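Numbering (my numbering), first residue to last: 478 to 640. For each residue, glycine too, the CB sits at the ideal point set by N, CA and C. Everything numeric in this text was worked out from a predicted model, so none of it was measured.
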Ligand code: PNS
């Protein structure tokens, strides 16, 4: 029987409940889901790649077919190396579409054998992003319900503030 591996790539700085919603959906339909953390972000990340990986491993424990890894360089090179057939990406709103379409088509040009599959997170997460979580936490606001409790703790420890 054919087994399908999907890569869910991203910055995950930090992982949010929106990411977890997508991971849960992806884990249901793909045999193996690799959550792949981009090591070198253009902007200085809040969490180091190793910290982002550790946090993802903590919160994806409930899904045995989900693994967490780190990658650098071209996503399509990494996906080939992992023998993946699918790239999974989330689309929250129309505003995500243009960037995602451009990336998906460019990735298809680089590697036509790998398909990008888009899934929608629950509407409750349609306004949620790691960037806003970082901003709220840095300014002392509550990120409860936006990230898992353990990630709240990591944000608190990293920022030395009450979140
Ligand atoms: O969570 P993000 O920041 O939206 O994820 C963006 C990511 C990591 C998927 C994208 O930047 C990426 O794939 N980077 C790797 C470099 C690459 O392959 N670039 C060409 C994309 S067409």
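- Near the ligand PNS, meaning a Cβ closer than 6 Å to any of its heavy atoms, lie the following residues in chain order: 486, 487, 488, 515, 551, 552, 580, 583, 584.
- In the displayed model, residue 565 falls within a strand according to three-state DSSP.
- Around the CB of residue 575, fewer than 16 other CB atoms lie within 10 Å, so the residue is classed as exposed.
- Put simply, the region 584-591 does not touch the region 613-626. Fewer than three CB pairs are less than 8 Å apart.
- In terms of Cα proximity to residue 583, the closest of 533, 552, 492 is 552.
- Counting the other Cβ atoms within 10 Å of the Cβ of residue 494 gives 16 or more, which makes it buried.
- Residue state for residue 481 is assigned as coil, using DSSP reduced to three classes.
- Here the region 501-519 makes no contact with the region 627-635; the two share fewer than three CB pairs at distances below 8 Å.
- In the three-state scheme derived from DSSP, where H, G and I count as helix and E and B as strand, residue 486 is classed as strand.
- Just so you know, the alpha carbons of residue 606 and residue 573 end up roughly 11 Å apart.
- The Cβ-Cβ distance between residue 568 and residue 595 falls below 9 Å.
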